[in-house]
Structure formats: C-alpha cells, structure tokens
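Mapping of the sequence shown onto the numbering used here: residues 110 to 667, in sequence order. Glycine included, C-beta positions come from ideal geometry on N, C-alpha and C.
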Amino acid sequence: MRRPLRIGNASGFYGDRFDAVREMLTGGGLDVLTADHLAELTMLILGRDRLKDPGLGYSRTFLRQMEEGLGLAHDRGVRIVTNAGGLNPAGLADALRALARRLGLPDVRVAHVEGDQLPVPDGALTANAYLGGAGITACLRAGADVVVTGRVTDAALVSGPAAWWFGWGPEEYDRLAGAVVAGHVLECGTQATGGNYAFFTRHDVRRPGFPVAELHEDGSAVITKHDGTGGVVDTGTVTAQLLYETAGARYAGPDVTARLDTVRLDPDGPDRVRISGVRGEEPPPTLKAGLTRLGGWRNEVVFVLTGLDVEAKARLVREQLEDALTVRPAEVRWELARTDRPDAGTEETASALLRLVVRDADPDAVGRAVSGAAVELALGSYPGFHVTAPPGKGAPYGVFEAAYVDPGTVTHTAVLPDGRREVVPAAERTRPLRPVPDPPLPEPLPDGPARRAPLGLVAGARSGDKGGDANIGVWAPTDEAWRWLAHALTADRLRALLPETDGLPVDRHVLPNLRALNFTVTGLLGEGVAARARFDPQAKALGEWLRARHLDIPEALL
110 MRRPLRIGNA
120 SGFYGDRFDA
130 VREMLTGGGL
140 DVLTADHLAE
150 LTMLILGRDR
160 LKDPGLGYSR
170 TFLRQMEEGL
180 GLAHDRGVRI
190 VTNAGGLNPA
200 GLADALRALA
210 RRLGLPDVRV
220 AHVEGDQLPV
230 PDGALTANAY
240 LGGAGITACL
250 RAGADVVVTG
260 RVTDAALVSG
270 PAAWWFGWGP
280 EEYDRLAGAV
290 VAGHVLECGT
300 QATGGNYAFF
310 TRHDVRRPGF
320 PVAELHEDGS
330 AVITKHDGTG
340 GVVDTGTVTA
350 QLLYETAGAR
360 YAGPDVTARL
370 DTVRLDPDGP
380 DRVRISGVRG
390 EEPPPTLKAG
400 LTRLGGWRNE
410 VVFVLTGLDV
420 EAKARLVREQ
430 LEDALTVRPA
440 EVRWELARTD
450 RPDAGTEETA
460 SALLRLVVRD
470 ADPDAVGRAV
480 SGAAVELALG
490 SYPGFHVTAP
500 PGKGAPYGVF
510 EAAYVDPGTV
520 THTAVLPDGR
530 REVVPAAERT
540 RPLRPVPDPP
550 LPEPLPDGPA
560 RRAPLGLVAG
570 ARSGDKGGDA
580 NIGVWAPTDE
590 AWRWLAHALT
600 ADRLRALLPE
610 TDGLPVDRHV
620 LPNLRALNFT
630 VTGLLGEGVA
640 ARARFDPQAK
650 ALGEWLRARH
660 LDIPEALL
C-alpha cells in the first residue's frame with residue numbers, strides 16, 4: 110500500500126497571500142503543492158488582460174512567486190500543480206521554463222493541460238469548459254515537476270495528483286470522490302483553517318496557516334496544517350468549507366459526482382480532522398462551462414446624509430438628481446443604508462449612506478451625465494451635502510453565464526514535459542444528475558421555554574456565490590442544536606429572516622452527517638459578481654446577516 114499523499118495549498122484566489130508559497134514549502138513536508146488562482150471574476154480579468162496583450166491571460170502573480178518557489182520546490186522534491194494558466198496555460202508554461210533556465214534549474218520539467226477553451230460566442234469575452242483532473246494525472250505520470258492548467262474544477266488540483274500517486278483508474282468513484290471532497294476543502298486556502306469562520310472569536314485567527322491534506326489510498330483524508338502556523342483546523346472549519354459554494358447532496362464534477370451526504374468528519378488530534386465514508390457516482394453527461402462578457406457600463410455615487418431628517422434628505426436628493434438626468438440610464442438603483450445612530454458621538458456614526466448605482470450599454474449614459482448632475486447639486490441640495498468620493502466617468506462591468514456542453518466538443522489534452530500531446534478521453538460512464546430524496550429529520554427537541562435571540566448563538570454559517578445565485582450553508586455544532594435547526598430553519602423561514610430573498614426561488618438541502626442545511630437562492634446576485642449590482646455582490650456576508658437575525662430559540666441551547 111502506498112504511503113499517504115501529503116498535499117498542500119498556497120492560494121485560494123488570484124491575489125492571495127504572496128508569501129504563502131514560501132511558507133508552505135519551508136514549513137513542513139509536502140509531496141505536492143497546489144495554487145488555485147481562478148474564479149468567475151478572474152476569468153473576466155484575464156480576458157481583459159489578453160485583449161491588451163495576446164501573450165498574457167495567465168496569473169503573473171504566480172510567475173513572480175515562482176522566482177523563489179521553483180528552487181525551493183525543486184530542492185525538496187515537491188511537485189507544483191496550479192490553474193494559474195487561466196486563458197493561456199501554454200504561455201505560463203513557457204514563461205516558467207524560461208524562468209527555470211534563468212535560475213539555473215534546466216532540469217525542472219514543466220507540463221500543461223489545455224482544451225478547456227471553447228469557441229467564443231459573439232459578444233462574449235471568454236468561454237471555457239471545466240475540465241477534470243485526468244490531464245493533471247497524465248502530466249505527473251510523465252514526470253512533470255510543474256503542471257499548469259487552464260479552467261479545471263478547483264478540486265481537480267487535488268484529485269488529479271491523487272489519482273497519479275495511487276494509480277487510481279477513472280471508475281474508482283469512491284476514491285476519486287474522497288479526493289474531490291478533500292480538494293474542495295483545500296481549494297479556498299485559509300477558509301479551512303479559521304479564515305472567514307463564523308466562530309472566529311474562539312480561536313487566534315489573525316494569520317491562519319494554509320491547509321494540508323493527508324490523502325490515503327482508500328480516498329479518506331486528514332485535513333491539517335503545518336505545525337506552528339496560525340489558525341485552527343476542527344470539524345467546524347472543515348464543515349464550513351464543505352458547505353461553501355455547494356448545493357445539494359450531489360456535488361458534480363467531470364470525473365465523479367461526490368455524495369456530500371455520505372461525508373463523515375471526526376477529530377483526529379489537535380488541528381486534525383479525518384474525512385471518511387465519501388461515496389462517488391458516475392459524472393454527469395455534460396460538462397459545465399463558463400462564459401464571460403462585458404455587460405455594459407456602470408457608475409456609482411454615495412451620498413452622505415448626516416443628522417436629522419435622513420429620509421427627507423434622501424428623498425430630496427433623489428428627486429433632484431433624477432430630474433437633472435438628461436439621459437436616463439437603463440438601470441437606476443437607489444439604496445439607503447441607515448448606518449446613523451441617534452445622538453451620535455461622532456459625525457461618521459451620525460451619518461447614513463445613500464447609494465446610487467447606474468448601468469447602461471452606453472458609457473455616456475452613466476458617465477458625465479450622472480457625475481455632472483451629482484456634482485452640480487453640491488450647493489443646492491440637502492444640508493450637509495457631500496459624497497464619499499468624487500463621481501467618476503463610469504467603468505465597464507462584466508457578466509458571467511453558466512452553460513453546459515457535450516464532452517465530445519472538448520479535446521482535453523495533456524501536453525507532457527517532452528512536448529508530446531496526450532488526449533484524455535471523456536468519461537465512458539455517466540449518470541444524469543437528479544435530486545436526492547430528503548433524508549429523515551432528527552427528532553425535534555421537546556417543548557420548553559424559548560428566548561428571542563440571534564441565530565448565530567447556536568449555528569454557524571458560510572455563504573458565497575455561483576454566478577447569479579447565492580449559497581448559504583448553515584450548520585449546528587451539537588446534536589441538540591441540530592435537532593432544533595433542522596425543523597426551525599425552513600426555506601420559508603429563511604425568506605422571512607432575509608427579506609431580500611423574498612419572491613426568489615429558495616431550495617433547502619439537508620445534510621444530516623454534517624448537521625447542516627444548505628440553501629440556494631436563485632437570482633439574488635443578478636448577473637454575478639462582476640456586474641456588482643448588489644451591495645455584497647458575492648454574497649460573502651449573507652450568512653452572517655442570517656446569523657444576526659433574531660428568532661425564538663430554545664433556552665436549553667442558549
């Protein structure tokens with residue numbers, strides 16, 4: 110039996126902590142180091158980069174990190190796997206080879222994976238299918254020290270190396286599913302080690318270390334971190350990350366569909382959590398794809414309303430500005446945030462914010478026409494008139510769209526260190542995705558006294574975005590809290606607690622093994638993060654808003 114694969118992650122997004130690569134390579138033993146750089150917004154950013162220079166389209170931050178990291182990894186025998194290739198994995202691979210020669214490391218073998226790029230429809234900027242881990246497996250099997258990919262699933266950065274390390278075949282679904290679950294825990298970096306954690310006050314999370322997975326041949330894993338690094342790994346931090354940007358019990362990918370309702374988490378010592386029991390199924394018959402496009406132009410003005418008569422001040426400036434617009438933008442949104450307090454001790458805490466967001470396909474409609482109208486009100490509007498920043502000329506915004514394509518339209522290709530090209534075949538067996546029947550709920554708590562209190566006193570939450578949809582994962586730290594939460598937090602109750610979701614489809618998924626509920630709110634984020642239509646465009650704080658809402662909670666839990 111092969112010893113466990115020790116695989117760490119040094120990046121959860123394009124722009125993550127720069128020194129994490131060094132920290133991970135010098136802080137403890139690793140076999141593989143991954144770096145996740147891609148997200149829906151990142152593809153748009155890289156697409157705009159490539160418009161300016163066709164030789165770009167990859168993460169230049171990663172290339173700078175490798176000026177030191179390449180030698181450290183080479184000296185320690187650590188393989189590096191990253192999706193930092195973005196829209197141009199071949200370009201990044203060439204740049205890494207040139208860097209290796211400059212550093213006196215000519216024997217560093219670089220490979221890359223391509224084939225994710227799809228024909229770009231009219232009006233779109235990028236179009237990419239989400240590939241699985243088999244191309245990474247092929248590159249490592251051919252002796253690559255560094256593997257660069259474009260748009261693969263985030264978890265493929267772990268499942269690909271795992272299949273190489275253990276020699277798994279493409280239909281060893283349970284093992285692959287275990288690696289996918291471990292990959293999902295690792296993919297967002299320090300979110301698994303105390304970052305963005307609902308119960309952060311219980312731990313020192315000022316500088317959390319990056320996560321490490323010890324993967325076993327049967328697909329089980331232990332999530333941990335390097336000794337001496339900050340943060341914490343416990344069942345709560347791992348649960349939070351498992352729920353992040355997922356939905357129902359079936360977590361689909363191009364290699365395998367992992368059953369999140371089979372995941373078991375158990376403490377395995379200080380800063381160690383064991384993941385076991387994961388079951389896998391055939392992947393779906395289609396591949397997910399992501400398209401980005403420039404959606405138009407937007408502008409924003411934030412008016413500061415201080416002291417008395419806030420509602421009247423907001424009404425006045427809104428009427429004045431809308432009357433002054435010579436060209437009305439296609440979309441005009443006003444939001445009044447009552448951040449003011451009565452009898453406040455500082456001017457800032459005496460102030461509310463009135464936010465105007467305009468969007469249009471024509472840059473002139475959101476540019477000077479809006480900013481000029483706002484500035485011209487400066488001496489003739491509400492008392493205390495000022496804005497948080499001078500109005501600008503407007504900026505382009507992007508839109509992300511999800512689509513699904515036949516795997517036969519994609520040529521998943523591993524370009525090996527010696528230049529040979531190995532085509533990765535599509536999955537021979539597939540299974541259409543269908544909802545899993547709702548599992549039985551636990552016995553409710555017996556009747557007893559209740560008290561009005563915030564949900565967050567008895568439940569954790571983490572939220573995020575998938576295109577225009579928001580996801581909110583909520584979990585109970587104890588069996589008793591789960592017996593209450595499973596019955597109390599229905600989809601209708603969530604709508605009542607979060608009025609912004611009213612009228613939108615809300616789906617609730619029950620995951621008893623994790624003592625968790627996962628909610629998907631369809632359409633809350635409009636056209637996605639790049640469109641920036643909402644105050645919190647990625648729904649990052651939606652879960653914390655939910656935890657702050659009050660409802661009747663049994664006193665036995667408080």
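Minimum length 3: unbroken beta strand (DSSP E) runs contained in the segment 528–611: The qualifying runs are 530–532, 559–563, 569–575 and 578–584.
Ala504 at chain D interface by Cβ criterion, 8 Å: The displayed structure is made up of one protein chain only, and chain D is not part of it.
Quick one: which unbroken beta strand (DSSP E) runs of 3-plus residues sit fully inside the segment 221–286? Chain order, please. 235–238 and 255–257, all fully within the segment 221–286.
Ser490 to Leu425, Cα distance in whole Å? Each residue's alpha carbon lies about 7 Å from the other.
Is it buried or exposed for Lys422, if we count other Cβ within 10 angstroms and need 16 for buried? The residue is buried, with at least 16 neighbouring Cβ atoms inside 10 Å.
Under DSSP, the alpha helix (DSSP H) around Pro198 begins and ends at which residues? Pro198 to Arg211 is the span of the alpha helix (DSSP H), which, as asked, contains Pro198.
At which residue ranges does the segment 360–400 contain complete beta strand (DSSP E) runs of 3 or more residues, listed in the order of the chain? Entirely contained in the segment 360–400, the beta strand (DSSP E) runs reaching 3 residues are, in chain order, 366–368, 373–376, 382–385 and 388–390.
Which residues does DSSP pair with Ala459 in a beta bridge? Paired residues: none, contrary to the question.
Which of the three DSSP states, helix, strand or coil, is assigned to Phe644? For Phe644, the three-state secondary structure derived from DSSP is coil.
Here's the rule I'm using: 16 or more other beta-carbon atoms within 10 Å means buried, otherwise exposed. How should Ala605 be labelled? Under a 10 Å Cβ-count criterion, Ala605 is classified as exposed, with fewer than 16 other Cβ atoms of the shown protein chains found around its own Cβ.
How would you label Lys575, buried or exposed, when you count the other beta carbons within 10 angstroms and need 16 or more for buried? The residue is buried, with at least 16 neighbouring Cβ atoms inside 10 Å.
Spell out the partners DSSP gives His659 in its beta bridges. The secondary-structure analysis by DSSP pairs His659 across a beta bridge with Pro563.
Within the chosen definition, does the segment 309–327 reach the segment 279–299 through at least 3 CB pairs nearer than 8 Å? With the cut-off at 8 Å, the segment 309–327 and the segment 279–299 touch.
Ala562 vs Asp364 beta-carbon contact at 8 Å: In this structure, Asp364 does not lie closer than 8 Å to Ala562 by Cβ.
Cα-Cα separation between Gly252 and Asn197, rounded to whole angstroms: Taking the CA atoms as reference points, Gly252 sits about 22 Å from Asn197.
Can you check which of these residues, Leu634, Ala512, Thr539 and Ile154, is closest to Gly389 by C-alpha distance? Per the Cα distances, Thr539.
With a 10 Å radius around its C-beta and 16 neighbouring C-beta atoms as the bar for buried, classify His335 as buried or exposed. By the neighbour-count rule (16 or more Cβ atoms within 10 Å), His335 is buried.
Exposed or buried, Leu234, counting other C-beta atoms within 10 Å across all chains shown (16 or more means buried)? Its Cβ being crowded by 16 or more others within 10 Å, Leu234 is buried.
Determine the burial state of His495: buried for a count of at least 16 other Cβ atoms within 10 Å of its Cβ, exposed for fewer. Exposed, by the Cβ-count rule.
Straight-line Cα distance separating Pro113 from His221: C-alpha separation (whole angstroms): 25 Å.
Have a look at Asn408, Arg464, Gln647 and Asp418 and flag the residue whose alpha-carbon is nearest the alpha-carbon of Val475. Nearest C-alpha to Val475: Asn408.
From Phe509 to Asn237, what distance separates their C-alpha atoms? Per the coordinates, the alpha-carbon of Phe509 lies some 11 Å from the alpha-carbon of Asn237.
Could you have a look at Ala483 and say whether DSSP puts it in helix, strand or coil? Note: Ala483 maps to helix in three-state DSSP.
Cβ neighbours of Thr262 in the same chain (closer than 6 Å, five flanking residues each side left out): Excluding sequence neighbours, Thr262 sits near Tyr239 and Gly362.
Using a threshold of 8 Å, state whether the C-beta atoms of Asp370 and Pro548 are closer than that. Inclusion of Asp370 and Pro548 in the CB contact set at 8 Å is warranted, their separation being smaller than that value.
Any idea what DSSP makes of Leu153, helix, strand or coil? Helix at Leu153.
Whole runs of the beta strand (DSSP E) within the segment 119–173, excluding any shorter than 3 residues: Runs of the beta strand (DSSP E) lying entirely within the segment 119–173, each at least 3 residues long, are 141–144 in chain order.
Span of the alpha helix (DSSP H) holding Val347? Here the alpha helix (DSSP H) through Val347 covers Thr344 to Leu352.
Bridge partners for Ala625 per DSSP, in chain order? Note: Ala625 sits in a beta bridge opposite Trp584 and Leu620.
For Glu420, does the three-state DSSP call read helix, strand or coil? Judged by DSSP in its simplified three-state form, Glu420 adopts helix.
Per DSSP, which one or two residues make a beta bridge with Leu465? Within the DSSP secondary-structure output, Leu465 pairs in a beta bridge with Val410 and Trp443.
Beta-carbon proximity list for Trp654, same chain, < 7 Å, skipping 5 on both sides: Answer for Trp654: Leu607, listed in chain order.
Should His659 be labelled buried (16 or more other beta-carbon atoms within 10 Å of its own) or exposed? Flag for His659 reads exposed.
Closest residue to Arg159 among Gly200, Gly340, Thr338 and Gly298 (Cα-Cα distance): Comparing Cα-Cα distances from Arg159 to each of Gly200, Gly340, Thr338 and Gly298, the minimum goes to Gly200.
What are the residues that DSSP puts in a beta bridge with Arg115? Bridge partners of Arg115: Glu323.
What three-state label does DSSP hand Val514 in the structure shown? For Val514, the three-state secondary structure derived from DSSP is strand.
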